[in-house]
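Trainee:
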Amino acid sequence: MSKSRKNKYNLSRYIPSSVKEKIRRDAGYGCVFCGCILVEYEHIDPEYHNAKEHDPDKMTLLCPMCHDKVTKKLLSKKKVWEAKKSPKAFDDGYVSDTLMVATESLDLLMGSARTTMMAVAINLYGKPLFWFEPSDDDDNYKICCIFYGAEGKPIAYINRNEYIALVGKQDIVSKGVSLTIADKKYGVLLELSREGDQPLHIKRLFTQLYSTKVVISGENSAVSFGDIKTPNEQLGGISGLTLAGQGYSPNGVQTALGLGGVPQESFLSIVYGAMQISRFGKPILRFDGSITGWVLGNRIVNKAYRSVGILSHGKAYSIAGEYVADYIGNQLLHSNDQYESGEPIYIIHNDRCSRNTKSNQGYDLSYRFG
Ligand SMILES: [Zn+2]
7 MSKSRKNKYN LSRYIPSSVK EKIRRDAGYG CVFCGCILVE YEHIDPEYHN
57 AKEHDPDKMT LLCPMCHDKV TKKLLSKKKV WEAKKSPKAF DDGYVSDTLM
107 VATESLDLLM GSARTTMMAV AINLYGKPLF WFEPSDDDDN YKICCIFYGA
157 EGKPIAYINR NEYIALVGKQ DIVSKGVSLT IADKKYGVLL ELSREGDQPL
207 HIKRLFTQLY STKVVISGEN SAVSFGDIKT PNEQLGGISG LTLAGQGYSP
257 NGVQTALGLG GVPQESFLSI VYGAMQISRF GKPILRFDGS ITGWVLGNRI
307 VNKAYRSVGI LSHGKAYSIA GEYVADYIGN QLLHSNDQYE SGEPIYIIHN
357 DRCSRNTKSN QGYDLSYRFG
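Just so you know, we're using this note's numbering here: the sequence shown kicks off at 7 and counts up by one.
1) Sorry if obvious, but does the Cβ on C151 come closer than 7 Å to a heavy atom of ligand 1?
2) Residues in its own chain within less than 6 Å of F96 by CB, not counting five upstream and five downstream?
3) Need the endpoints of the alpha helix (DSSP H) that E88 sits in, please.
4) CA-CA distance, K14 and K58?
5) Below 8 Å between beta carbons: does that hold for N336 and L291?
6) Under a CB-based cut-off of 8 Å, is M123 close to chain B?
7) Can you find the residues in the same chain that come closer than 6 Å, C-beta to C-beta, to K12, ignoring five residues on each side of it along the sequence?
8) Do I149 and A171 have their C-beta atoms closer together than 8 Å?
9) Where do the N-terminal and C-terminal ends of the beta strand (DSSP E) with F289 fall, by residue?
10) Check whether the Cβ of F39 sits closer than 7 Å to any heavy atom of ligand 1, and report yes or no.
11) For a test of your reading of the model: does the CB of L68 fall under 7 Å from any non-hydrogen atom of ligand 1? Yes or no.
12) So L215 and L130 are supposed to be a Cβ contact under 8 Å. How far apart are they, rounded?
13) Keeping to the same chain, check which residues put their C-beta closer than 8 Å to that of K175; ignore five residues upstream and five downstream.
14) Please report the Cβ distance between G253 and A125, rounded to the nearest whole angstrom; I am assuming they are in contact, meaning their Cβ atoms lie under 8 Å.
15) Tell me the DSSP secondary structure of R210 in three-state form.
16) If you measure between the beta carbons of I29 and E349, is that distance less than 8 Å?
17) Excluding sequence positions up to five away, which residues of its chain have a Cβ less than 6 Å from the Cβ of S8?
18) Do Y192 and G155 have their CB atoms nearer than 8 Å?
19) Thinking C-beta only, is R374 closer than 8 Å to V330?
20) Entirely within the segment 168-219 and at least 3 residues each: give me those beta strand (DSSP E) ranges in chain order.
21) Starting from D97, follow the beta strand (DSSP E) in both directions and report where the run begins and ends.
22) Assign G267 to one of three DSSP states: helix, strand, or coil.
23) Excluding the five sequence neighbours on either side, which residues of its own chain have a C-beta within less than 8 Å of the C-beta of W300, listed in chain order?
24) If you reduce the DSSP assignment to three classes, tell me which class Y6 lands in.
25) Taking 7 Å as the cut-off, is the beta-carbon of M71 closer than that to any non-hydrogen atom of ligand 1?
26) As a quick exercise: from N167, D233, K235 and N16, pick the residue whose alpha carbon is nearest that of G202.
27) Between which residues of its own chain and P22 is the CB-CB distance below 8 Å, once the five residues before and five after are set aside?
Here you go:
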């Protein structure tokens, strides 16, 4: 292939960003065949060397592997046109990629802060958002992250090292080692650096859950957090420091940054609550058999007699209305370590270890109602 910057029609290899944006949007931000986020911009027909312009209607996104198959004619142009019309990402609702970042230690960079040997880096309202999990296969760890964008809507997950960006209104760009999700209204919601064998670095972040936001505005910036209504420059934060823990130890896991408690509302007075619960409450058991709260009518009540969840048709929801787990045999369980959306679920380490000896299959998520 010619290394010239232009083809015979004097068309530069440079594709204007507005054209690229339309191609990304039309393709669902990933390879139209496989949904991989690592993509190149391809002229379908005419090919680049015969093209007179960068026409987004005649171009699409292909990953290097699928592109190679097209070049070798293992995949026909007809199939490329078909895939352009109905990209994989729109069927799946997400685009994905596997991260090859360093996972032999528990290091995570967030702006100018670093957490090391901390199993959970950020916990918001009793829900771990960034954490490491020991791998079943080897001595390494796996990274899990839940990224909420503006207004508490999930935009991306890292589910055991698999990066999953949800296809919605945001622009998703993979360029070199950097992955970015940007919103027209809120700007960059997430920028990750995923250089091989380096710790994952979250360089920019705007995450909102309920009334709290966590903001990172650059690789040398603090991790700032506070009420959603507080201007970013007035938020408190941590910067330029390393939060070091002990990794996975028999004493449990450590959390670097925990913000807000489990969402709850007052429900009954303590005296009346104690009475009601002693008469009508059904205990909720943790995986180790201890009592963590009660079910009273359709309410999940914690030990402080506050309402922390709602039961409906055998399913347990947080006060904010988020589905968490199923109510099965006095336990709050989920059958799997992820939700259908691809969102990873934090599993208590000892619960995972004792999984095969349990009577009820599933993972204990009662910690979300603590
Ligand atoms: Zn592909």
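Think of the CB as a built atom: it goes at the ideal place given N, C-alpha and C, for glycine as much as any other residue. Model, not experiment: these values are computed from the prediction.
Mentor: So, to answer that:
1) Ligand 1 never approaches C151 closely enough for any of its heavy atoms to be under 7 Å from the residue's Cβ.
2) These residues qualify, in order along the chain: G34.
3) Element bounds for E88: K83 to K91.
4) Their backbone Cα atoms lie some 9 Å apart in a straight line.
5) Less than 8 Å divides the Cβ of N336 from the Cβ of L291.
6) In the structure shown, chain B cannot be found, because there is only a single protein chain.
7) Within the same chain, K12 has close Cβ partners S18.
8) In this structure, A171 does not lie closer than 8 Å to I149 by Cβ.
9) In the sequence as displayed, the identity of residue 289 is Pro instead of Phe. First-last of the beta strand (DSSP E) with P289: K288 to L291.
10) Under cutoff, so the answer is yes.
11) It does: the Cβ of L68 is within 7 Å (strictly closer) of some heavy atom of ligand 1.
12) The C-beta distance from L215 to L130 rounds to 5 Å, short enough to meet the 8 Å contact threshold.
13) Cβ-Cβ distances below 8 Å link K175 to D189 and K190 in the same chain, with the five nearest sequence neighbours on each side left out; the list follows chain order.
14) Your pair G253 and A125 checks out as a contact, with CB atoms roughly 7 Å apart and the cut at 8 Å.
15) Reduced to three states, the DSSP call for R210 is strand.
16) Taking 8 Å as the Cβ cut-off, I29 and E349 do not qualify as a contacting pair.
17) Model confidence at S8 stands at a pLDDT of 48, short of 50, so the residue's coordinates are unreliable; what they give is reported in the following sentence. Spatial neighbours of S8 in its own chain (CB-CB distance under 6 Å, excluding positions within 5 residues in sequence) are not present.
18) Result yes, Cβ atoms of Y192 and G155 sit closer than 8 Å.
19) With respect to the 8 Å criterion, V330 and R374 are classified as neighbours on the basis of their beta carbons.
20) Assignment of beta strand (DSSP E) within the segment 168-219, counting only whole runs of 3 or more residues, yields 168-172, 177-181, 184-189, 193-199 and 206-215 in chain order.
21) Careful: D97 lies outside any beta strand (DSSP E), inside the alpha helix (DSSP H) at K94 to D98.
22) Coil at G267, not helix or strand.
23) Within the same chain, W300 has close Cβ partners I283, G287, K288, P289, I290, I306 and V307.
24) Only positions 7 to 376 of the chain appear in this structure, which leaves residue 6 out of reach.
25) Result yes, Cβ under 7 Å from ligand 1.
26) Checking every option, the nearest Cα to that of G202 belongs to N167.
27) So the qualifying residues of the chain are H60.
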